[in-house]
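J.: Residues 950 to 1325, numbered by the working numbering, are exactly what the sequence shown covers, in order.
Structure incoming, see below.
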Amino acid sequence: SSIVSLSSRHFSSAELARLTQGELPTDLVNIAYKFPPSAVSSAVEALSNLANHPDASTGSLQEKKLFNMAVKFYTYLLKNKNKTKNFSTMKKAFRHNVQRALSALGSICRYYECHDGFDNHNLDPNGFHVITDVNQLQFSGNVLSSACFALFREYLENDDEQTKCLALRAMNGVFISRPRVVLAAAQLGIISFVISEAAPPSVQIESLRCWRDILLAEEIRIESGAAKQKMQMQKDISLSKRISGDQDGDSCISGSVLTKHADRLYELTLSKDEKVRQMIIDLIGHLLRQGLINPMATVPHLLAVQGDVKSPATRSLALKLLITEGEKRPDMLRQRICAGLKQAYYFQKEVYPHDSSGVPRVTALLSRDEGHKVVT
């Protein structure tokens, strides 16, 4: 599947016809239905790339198979969305089917390019509805994608943590293909919820992983020229905007939404869950590299994580980021040492409040008054 995905853009019309008229589309569909859920995404990506090929006609065989598969998985999720508020109580086979359906639909929303599906600049966050009549579903106009987003949102509200993570991962496919939906999700409170203290650690980890994937996908989209190509396809873009750069208006949306939650991201470095701390440092690294957060505000938190004695991987990653920032801005790094020590105190107090014997650590934050300023 991966080989087909990577090479499909280089197929000639004759090669495309030969492949799609054979058993390849059927085999990819069978992989999505029968193989483990981990293989579903690759099969869907390959089939979507064949359907998106420039020489593929509208209503091609591969597009029809992809759409029929989407309708089948959508119908299954629609039928079972109200079956229980906690899918962890259901049989293992049922949970695997839900996982497969969410994975497949999320991948279809991510990889299939709807050529007439440009979102309005003021996308209504309340305009997403679950379509109960599957005969109304279609790729055109992002009808299927919008219906899937609404359906994923209902599964995100399930009490089962694994289902929440799967729904969030599926929703991420919509975010990557349609960045303006990220704004709608932020207005609906989805973004703030999945990284909030109320969310389970597994959901926090999945949300951070999704944000990392969004940032990397957007970076690839810009560097490959896909963003510029999409901008040129839009009829309402003026000539001056076409000339001004290689990005469309969607290029900075995801990063801007995420930086609005920068304070909460810094708070997650104090999480008691080791995997959450490692994932947030990884995400911060990408934000720093892309220039989306302030290094002055970030360095103290990276210094504090050097005291994460039970997570060498997190310490190593934070140290790597500190070295990178130190090479670029050595003076700034020295200026933030005091703030780093202060943040290190809060880190130890929150993450490691007791020693190995269970005795509370005796720690203190000392200050002295030097007349014109207080030094901590």
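We treat Cβ as the ideally placed atom computed from N, Cα and C, and that holds for glycine.
If the criterion is Cβ atoms closer than 8 Å, does the pair GLU1274 and VAL1254 meet it?
T.: no
J.: With distances taken Cα to Cα, identify the nearest neighbour of LYS1277 among ARG958, LEU1237, ALA1135.
T.: The option with the nearest alpha carbon to LYS1277 is LEU1237.
J.: Quick check on DSSP: helix, strand or coil for HIS1303?
T.: Per DSSP, reduced to three states, the secondary structure at HIS1303 is strand.
J.: Taking the C-alpha atoms as reference points, what is the distance between LEU1117 and ARG1127?
T.: 15 Å
J.: Here's a check: name, in chain order, each residue in its chain whose Cβ is nearer than 7 Å to the Cβ of VAL1225, leaving out the five neighbours to either side.
T.: In the same chain as VAL1225, and ignoring 5 residues on each side of it, the C-beta atoms closer than 7 Å to its own belong to PRO1150, GLN1153, ILE1154, LEU1217, in chain order.
J.: Quick one: what does DSSP say ASP1212 is sitting in, helix, strand or coil?
T.: helix
J.: Take every Cβ of the segment 1061 to 1070, pair it with every Cβ of the segment 1039 to 1052, and state whether three or more of those distances are shorter than 8 Å.
T.: no
J.: Which stretch, first to last residue, makes up the alpha helix (DSSP H) that contains TYR1061?
T.: First-last for TYR1061: undefined, no H or E at that position.
J.: Identify, in the order they occur along the chain, each residue of the same chain with its Cβ nearer than 8 Å to the Cβ of MET1281, setting aside the five sequence neighbours on each side.
T.: Same-chain partners within the cutoff: PRO1244, MET1245, VAL1248, GLU1274.
J.: Apart from the five residues on each side of it in sequence, which residues of its chain come closer than 7 Å, Cβ to Cβ, to GLY1090?
T.: ASP1065, GLY1066
J.: Counting Cβ pairs, one atom from each stretch, are 3 or more of them under 8 Å apart for the segment 996 to 1006 and the segment 955 to 974?
T.: yes
J.: Which residue marks the beginning of the alpha helix (DSSP H) containing THR1081, and which one marks its end?
T.: Taken as a continuous stretch (DSSP letters only), THR1081 belongs to no alpha helix (DSSP H), as it is neither H nor E.
J.: Considering only the alpha carbon of each residue, which of ILE1140, THR1033, PHE1142 lies closest to ASP1109?
T.: THR1033
J.: So, at 8 Å on beta carbons, what are the nonlocal neighbours of HIS1210 in its own chain, with the 5 sequence-adjacent residues on each side left out?
T.: ILE1140, SER1141, ILE1144
J.: Anyone know if the C-beta pair for GLY1240 and LEU1270 falls short of 8 Å?
T.: no
J.: Beta-carbon within less than 7 Å of ILE1057's beta-carbon, same chain only, minus the 5 sequence neighbours each way: which residues are those?
T.: VAL993, SER997, LEU1015, ALA1019
J.: Taking the alpha helix (DSSP H) that MET1245 belongs to, which residues open and close that run?
T.: Per DSSP, the unbroken alpha helix (DSSP H) holding MET1245 starts and ends at 1244 to 1253.
J.: Quick check on DSSP: helix, strand or coil for ASP1199?
T.: coil
J.: Among the residues of its own chain, which have a CB less than 8 Å from the CB of VAL1092, if the five just before and after it don't count?
T.: ILE1080, GLN1085, LEU1086
J.: How about TRP1160: is its C-beta nearer than 8 Å to some C-beta of chain D?
T.: Protein chains in the displayed structure number just one, and chain D is not present.
J.: Can you check the segment 973 to 1011 for any alpha helix (DSSP H) of at least 4 residues that lies completely inside it and give the ranges in chain order?
T.: 973 to 983, 989 to 1000
J.: Would you report the Cα separation of SER1095 and LEU1105, rounded to the nearest angstrom?
T.: 15 Å
J.: Confirm, please, whether the CB-CB distance from LEU1072 to ALA1133 is below 8 Å.
T.: In contact: ALA1133 and LEU1072 (Cβ atoms closer than 8 Å).
J.: Quick check on ASP1318: does DSSP put it in helix, strand or coil?
T.: strand
J.: What did DSSP end up calling SER1094 once you bin it into helix, strand or coil?
T.: In the three-state reduction of the DSSP assignment, SER1094 falls in the helix class, which pools H, G and I.
J.: Buried or exposed, going by whether 16 or more other CB atoms sit within 10 Å of the CB of VAL953?
T.: Looking at its Cβ environment, which holds 16 or more other Cβ atoms inside 10 Å, VAL953 is buried.
J.: With 16 other CB atoms within 10 Å as the buried threshold, where does LEU1165 fall?
T.: LEU1165 is classed as exposed because its beta carbon has fewer than 16 other beta carbons within 10 Å across all chains shown.
J.: Measure the beta-carbon distance from ALA1099 to PHE1077 and round it to whole angstroms, keeping in mind my assumption that it falls under 8 Å.
T.: 4 Å
J.: Could you have a look at PHE1067 and say whether DSSP puts it in helix, strand or coil?
T.: coil
J.: By how many angstroms is the C-alpha of GLN1227 removed from the C-alpha of ASP1318?
T.: Per the coordinates, the alpha-carbon of ASP1318 lies some 37 Å from the alpha-carbon of GLN1227.
J.: Can you have a look at CYS1114 and say buried or exposed, based on whether 16 or more other CB atoms are within 10 angstroms of its CB?
T.: Residue environment for CYS1114: buried (at least 16 other C-beta atoms within 10 angstroms of its C-beta).
J.: What residue does the alpha helix (DSSP H) around VAL918 start on, and which one ends it?
T.: The requested residue 918 is not part of the displayed model; the chain covers only 950 to 1325.
J.: Which of helix, strand or coil does DSSP assign to ASP1231?
T.: helix
J.: So which of ASN1107, LEU1251, LYS1021, ILE1163 has the shortest CA-CA distance to TYR1295?
T.: LEU1251
J.: Return the Cβ separation of LEU1051 and ALA1119 in integer angstroms, given the expectation that the two are a contact with Cβ distance under 8 Å.
T.: Going by Cβ atoms, the distance from LEU1051 to ALA1119 rounds to 4 Å, so yes, they are a contact pair.
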